[in-house]
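One structure is given here, and the rest of the page talks about it.
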Amino acid sequence: MSASLFTIFEQFLAELNTTGNMTQVLPTDYTPTWAEQSWFGLFEGRSEAVVFGAIAFAVHQIVYYGRYLPYLVCDYIPAMQKYKLQPGHHISNAQWWKCVNSLLTSQVFVQLPMMMLFLPAAKLAGFDCGMPFPAWPRVAFQVCVFFVFEDFYHYWAHRMFHHGLLYRRIHKVHHEHTAPFGIAAEYAHPIETAVLGQGTIAGPLLFNYFIEQVHITTMLVWIAARLWQT
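Okay, so the sequence shown: first residue is 1 according to full-length UniProt numbering, each after it adds one.
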(Lines of atoms letter the chains of each structure in order from A; the text may use other names.)
(Lines give C-alpha, C1' and ligand atoms only; values in the text may rest on other atoms or scores of the structure.)
Protein backbone atom coordinates (compact mmCIF):
# COMPACT_ATOMS: atom_id res chain seq x y z
CA MET A 1 0.00 0.00 0.00
CA SER A 2 2.71 2.47 1.03
CA ALA A 3 4.79 1.51 -2.02
CA SER A 4 1.87 2.16 -4.38
CA LEU A 5 1.17 5.51 -2.74
CA PHE A 6 4.82 6.43 -3.10
CA THR A 7 4.68 5.47 -6.78
CA ILE A 8 1.60 7.65 -7.30
CA PHE A 9 3.35 10.51 -5.53
CA GLU A 10 6.39 10.10 -7.78
CA GLN A 11 4.14 10.13 -10.85
CA PHE A 12 2.40 13.22 -9.54
CA LEU A 13 5.71 15.03 -9.08
CA ALA A 14 6.75 14.01 -12.59
CA GLU A 15 3.51 15.43 -14.02
CA LEU A 16 3.98 18.55 -11.92
CA ASN A 17 7.26 19.20 -13.71
CA THR A 18 6.04 18.36 -17.23
CA THR A 19 6.76 20.92 -19.95
CA GLY A 20 4.32 21.42 -22.81
CA ASN A 21 5.17 19.82 -26.16
CA MET A 22 2.51 20.03 -28.88
CA THR A 23 4.02 17.23 -30.96
CA GLN A 24 3.35 14.75 -28.15
CA VAL A 25 -0.41 15.40 -28.21
CA LEU A 26 -0.86 15.87 -31.97
CA PRO A 27 -2.50 12.78 -33.53
CA THR A 28 -1.02 11.42 -36.75
CA ASP A 29 -2.43 13.06 -39.90
CA TYR A 30 -4.54 15.46 -37.82
CA THR A 31 -4.72 19.18 -38.58
CA PRO A 32 -5.46 21.13 -35.40
CA THR A 33 -8.00 23.93 -35.41
CA TRP A 34 -7.03 27.51 -34.64
CA ALA A 35 -8.44 27.13 -31.12
CA GLU A 36 -6.42 23.96 -30.52
CA GLN A 37 -3.22 25.51 -31.85
CA SER A 38 -3.75 28.58 -29.66
CA TRP A 39 -4.49 26.48 -26.58
CA PHE A 40 -1.50 24.17 -26.86
CA GLY A 41 0.70 27.08 -27.91
CA LEU A 42 0.19 28.54 -24.44
CA PHE A 43 1.78 25.42 -22.93
CA GLU A 44 4.63 24.99 -25.41
CA GLY A 45 7.95 24.95 -23.55
CA ARG A 46 6.30 26.01 -20.29
CA SER A 47 5.24 24.25 -17.11
CA GLU A 48 1.86 22.70 -17.90
CA ALA A 49 0.72 22.79 -14.27
CA VAL A 50 1.57 26.48 -13.86
CA VAL A 51 0.03 27.52 -17.18
CA PHE A 52 -3.21 25.62 -16.58
CA GLY A 53 -3.42 26.94 -13.03
CA ALA A 54 -2.92 30.50 -14.27
CA ILE A 55 -5.58 30.07 -16.98
CA ALA A 56 -8.07 28.52 -14.56
CA PHE A 57 -7.41 31.31 -12.05
CA ALA A 58 -7.87 33.98 -14.74
CA VAL A 59 -11.18 32.40 -15.81
CA HIS A 60 -12.29 32.29 -12.19
CA GLN A 61 -11.46 35.93 -11.48
CA ILE A 62 -12.90 37.29 -14.74
CA VAL A 63 -16.20 35.43 -14.39
CA TYR A 64 -16.55 35.93 -10.63
CA TYR A 65 -15.92 39.67 -10.57
CA GLY A 66 -17.30 40.29 -14.06
CA ARG A 67 -20.61 38.72 -13.02
CA TYR A 68 -20.75 41.05 -10.02
CA LEU A 69 -19.83 44.24 -11.89
CA PRO A 70 -23.34 45.09 -13.22
CA TYR A 71 -24.77 44.79 -9.70
CA LEU A 72 -22.03 47.00 -8.32
CA VAL A 73 -22.89 49.65 -10.90
CA CYS A 74 -26.60 49.36 -10.07
CA ASP A 75 -25.83 50.08 -6.41
CA TYR A 76 -24.81 53.59 -7.45
CA ILE A 77 -27.88 54.25 -9.60
CA PRO A 78 -30.76 55.62 -7.45
CA ALA A 79 -33.42 54.47 -9.93
CA MET A 80 -32.27 50.86 -9.51
CA GLN A 81 -32.59 50.77 -5.71
CA LYS A 82 -36.26 49.74 -5.87
CA TYR A 83 -35.18 46.44 -7.43
CA LYS A 84 -32.99 45.43 -4.48
CA LEU A 85 -34.27 42.34 -2.69
CA GLN A 86 -33.40 43.99 0.64
CA PRO A 87 -33.69 47.71 -0.15
CA GLY A 88 -33.28 48.75 3.47
CA HIS A 89 -29.89 47.08 3.87
CA HIS A 90 -26.67 48.66 2.68
CA ILE A 91 -23.06 47.69 3.28
CA SER A 92 -20.43 50.21 4.31
CA ASN A 93 -17.22 50.83 2.41
CA ALA A 94 -15.33 49.21 5.28
CA GLN A 95 -17.45 46.04 5.00
CA TRP A 96 -17.01 45.97 1.22
CA TRP A 97 -13.22 46.28 1.40
CA LYS A 98 -13.01 43.70 4.19
CA CYS A 99 -14.91 41.28 1.97
CA VAL A 100 -12.73 41.99 -1.08
CA ASN A 101 -9.48 41.68 0.89
CA SER A 102 -10.62 38.40 2.44
CA LEU A 103 -11.72 37.07 -0.95
CA LEU A 104 -8.46 37.92 -2.67
CA THR A 105 -6.44 36.37 0.16
CA SER A 106 -8.46 33.15 -0.03
CA GLN A 107 -8.41 33.07 -3.82
CA VAL A 108 -4.65 33.56 -4.04
CA PHE A 109 -3.54 31.37 -1.13
CA VAL A 110 -6.20 28.62 -1.17
CA GLN A 111 -7.83 28.39 -4.59
CA LEU A 112 -4.83 29.21 -6.78
CA PRO A 113 -2.62 26.43 -5.31
CA MET A 114 -5.49 23.95 -5.80
CA MET A 115 -5.74 25.03 -9.44
CA MET A 116 -1.98 24.69 -9.92
CA LEU A 117 -2.10 21.12 -8.63
CA PHE A 118 -5.19 20.09 -10.57
CA LEU A 119 -3.68 19.33 -13.99
CA PRO A 120 -1.11 16.78 -12.70
CA ALA A 121 -3.87 15.09 -10.67
CA ALA A 122 -6.22 15.12 -13.67
CA LYS A 123 -3.61 13.53 -15.93
CA LEU A 124 -2.99 10.79 -13.37
CA ALA A 125 -6.76 10.24 -13.21
CA GLY A 126 -6.87 9.74 -16.97
CA PHE A 127 -8.25 13.07 -18.20
CA ASP A 128 -7.97 13.73 -21.93
CA CYS A 129 -5.41 16.51 -22.32
CA GLY A 130 -4.83 16.20 -26.06
CA MET A 131 -6.47 16.82 -29.41
CA PRO A 132 -9.11 17.07 -30.71
CA PHE A 133 -11.24 19.17 -28.38
CA PRO A 134 -14.54 17.55 -27.32
CA ALA A 135 -17.80 18.37 -29.12
CA TRP A 136 -20.03 20.94 -27.42
CA PRO A 137 -22.96 18.54 -26.79
CA ARG A 138 -20.60 16.27 -24.86
CA VAL A 139 -19.23 19.21 -22.87
CA ALA A 140 -22.76 20.43 -22.06
CA PHE A 141 -23.85 16.98 -20.88
CA GLN A 142 -20.82 16.55 -18.64
CA VAL A 143 -21.20 20.00 -17.11
CA CYS A 144 -24.87 19.27 -16.31
CA VAL A 145 -23.81 16.10 -14.48
CA PHE A 146 -21.14 18.07 -12.61
CA PHE A 147 -23.82 20.51 -11.46
CA VAL A 148 -25.92 17.69 -9.99
CA PHE A 149 -22.97 16.21 -8.11
CA GLU A 150 -21.71 19.57 -6.86
CA ASP A 151 -25.16 20.63 -5.62
CA PHE A 152 -25.48 17.34 -3.72
CA TYR A 153 -22.01 17.70 -2.22
CA HIS A 154 -22.47 21.38 -1.38
CA TYR A 155 -25.80 20.74 0.37
CA TRP A 156 -24.39 18.14 2.74
CA ALA A 157 -21.09 19.92 3.31
CA HIS A 158 -23.01 23.12 4.06
CA ARG A 159 -25.23 21.27 6.54
CA MET A 160 -22.13 19.84 8.20
CA PHE A 161 -20.71 23.34 8.70
CA HIS A 162 -23.91 24.40 10.48
CA HIS A 163 -23.20 22.07 13.39
CA GLY A 164 -21.78 23.26 16.70
CA LEU A 165 -18.05 23.90 16.72
CA LEU A 166 -17.79 23.90 12.91
CA TYR A 167 -20.30 26.73 12.73
CA ARG A 168 -18.77 28.79 15.53
CA ARG A 169 -15.15 28.42 14.40
CA ILE A 170 -15.52 28.22 10.61
CA HIS A 171 -18.92 28.71 8.97
CA LYS A 172 -19.93 31.76 11.00
CA VAL A 173 -17.61 33.85 8.80
CA HIS A 174 -19.83 33.17 5.77
CA HIS A 175 -22.86 34.53 7.64
CA GLU A 176 -21.31 37.82 8.71
CA HIS A 177 -23.29 39.61 6.00
CA THR A 178 -26.99 39.53 6.87
CA ALA A 179 -27.72 41.32 3.59
CA PRO A 180 -25.71 39.33 1.02
CA PHE A 181 -24.21 41.08 -1.99
CA GLY A 182 -22.67 39.72 -5.20
CA ILE A 183 -19.07 38.97 -4.35
CA ALA A 184 -19.92 37.73 -0.83
CA ALA A 185 -20.77 34.34 -2.40
CA GLU A 186 -17.22 33.07 -1.78
CA TYR A 187 -16.69 35.01 1.44
CA ALA A 188 -15.83 32.22 3.87
CA HIS A 189 -13.20 30.79 6.19
CA PRO A 190 -10.22 29.33 4.25
CA ILE A 191 -11.01 25.84 5.57
CA GLU A 192 -14.57 26.08 4.29
CA THR A 193 -13.29 27.37 0.94
CA ALA A 194 -10.98 24.37 0.63
CA VAL A 195 -13.61 21.82 1.68
CA LEU A 196 -16.39 23.16 -0.54
CA GLY A 197 -13.94 23.49 -3.41
CA GLN A 198 -13.54 19.71 -3.40
CA GLY A 199 -17.10 19.42 -4.71
CA THR A 200 -16.13 21.34 -7.83
CA ILE A 201 -13.11 19.10 -8.38
CA ALA A 202 -14.48 15.72 -7.28
CA GLY A 203 -17.42 15.66 -9.70
CA PRO A 204 -15.28 15.71 -12.87
CA LEU A 205 -12.74 13.29 -11.37
CA LEU A 206 -15.43 10.74 -10.43
CA PHE A 207 -17.23 11.20 -13.74
CA ASN A 208 -13.97 10.60 -15.58
CA TYR A 209 -13.30 7.44 -13.56
CA PHE A 210 -16.76 5.84 -13.58
CA ILE A 211 -18.54 7.10 -16.71
CA GLU A 212 -16.44 8.57 -19.51
CA GLN A 213 -13.30 10.56 -20.14
CA VAL A 214 -13.35 14.28 -19.48
CA HIS A 215 -11.26 16.73 -21.48
CA ILE A 216 -9.21 19.18 -19.46
CA THR A 217 -10.74 22.16 -21.30
CA THR A 218 -14.18 21.04 -20.09
CA MET A 219 -13.00 21.98 -16.59
CA LEU A 220 -12.71 25.62 -17.64
CA VAL A 221 -16.26 25.58 -19.02
CA TRP A 222 -17.41 23.96 -15.79
CA ILE A 223 -15.62 26.55 -13.62
CA ALA A 224 -17.17 29.41 -15.62
CA ALA A 225 -20.66 27.87 -15.50
CA ARG A 226 -20.46 27.18 -11.76
CA LEU A 227 -19.32 30.71 -10.99
CA TRP A 228 -22.01 32.21 -13.21
CA GLN A 229 -24.62 30.26 -11.25
CA THR A 230 -23.05 31.25 -7.91
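For every residue, glycine included, the Cβ atom is placed at its ideal position computed from N, Cα and C.
Bear in mind that the values here come from a model prediction, so they are computed numbers and not experimental data.
CB contact flag (residue i, residue j, <9 Å)
i       : j       : result
Asn-208 : Gly-126 : yes
Tyr-68  : Ile-223 : no
Gly-20  : Gly-53  : no
Pro-27  : Pro-190 : no
Tyr-71  : Glu-186 : no
Val-50  : Gly-130 : no
Ile-211 : Glu-192 : no
Residue i in three-state terms, based on DSSP
i           : result
Gly-20      : strand
His-174     : helix
residue 231 : This structure cannot speak to residue 231, because the chain is shown only from 1 to 230.
Asp-29      : coil
Start-to-end residues for the alpha helix (DSSP H) that takes in residue i
i       : result
Ser-38  : 34-43
His-154 : 136-161
Pro-113 : 112-125
Val-195 : 190-210
Lys-98  : 93-106
Gly-167 : It is worth fixing the name first, because residue 167 is Tyr in this sequence and not Gly. Segment 164-169, the alpha helix (DSSP H) holding Tyr-167.
Leu-227 : 216-229
Residue i versus the options, residue with shortest Cα-Cα distance
i       : options                            : result
Lys-84  : Gln-229, Pro-190, Phe-181, Gln-213 : Phe-181
Thr-230 : Trp-96, His-60, Gln-213            : His-60
Trp-62  : Lys-98, Ile-77, Gln-107            : The residue asked about is misnamed: residue 62 is Ile in this sequence, not Trp. Out of Lys-98, Ile-77, Gln-107, Gln-107 has the C-alpha closest to the C-alpha of Ile-62.
Phe-118 : Leu-13, Leu-5, Leu-227             : Leu-13
- With contact counted as at least three CB pairs below 8 Å, one residue from each stretch, are the stretch 140-151 and the stretch 197-205 in contact? By the Cβ test, the stretch 140-151 is in contact with the stretch 197-205, since at least three Cβ pairs between them sit closer than 8 Å.
- Count the C-beta pairs between the stretch 109-123 and the stretch 54-73 that are closer than 8 Å, then say yes if the count reaches three, no if not. These segments touch.
- Query: Should the stretch 22-32 be called in touch with the stretch 134-141, which here means at least 3 C-beta pairs below 8 Å?
  - Reply: Taking a cut-off of 8 Å for Cβ pairs, the stretch 22-32 and the stretch 134-141 do not touch, as fewer than three such pairs fall below it.
- Segment contact flag, the stretch 115-123 with the stretch 213-220, C-beta cutoff 8 Å, min 3 pairs: The stretch 115-123 vs the stretch 213-220: in contact.
- Query: With a cut-off of 8 Å, do at least 3 Cβ pairs link the stretch 166-181 to the stretch 85-105?
  - Reply: Cβ pair count under 8 Å is three or more, so yes.
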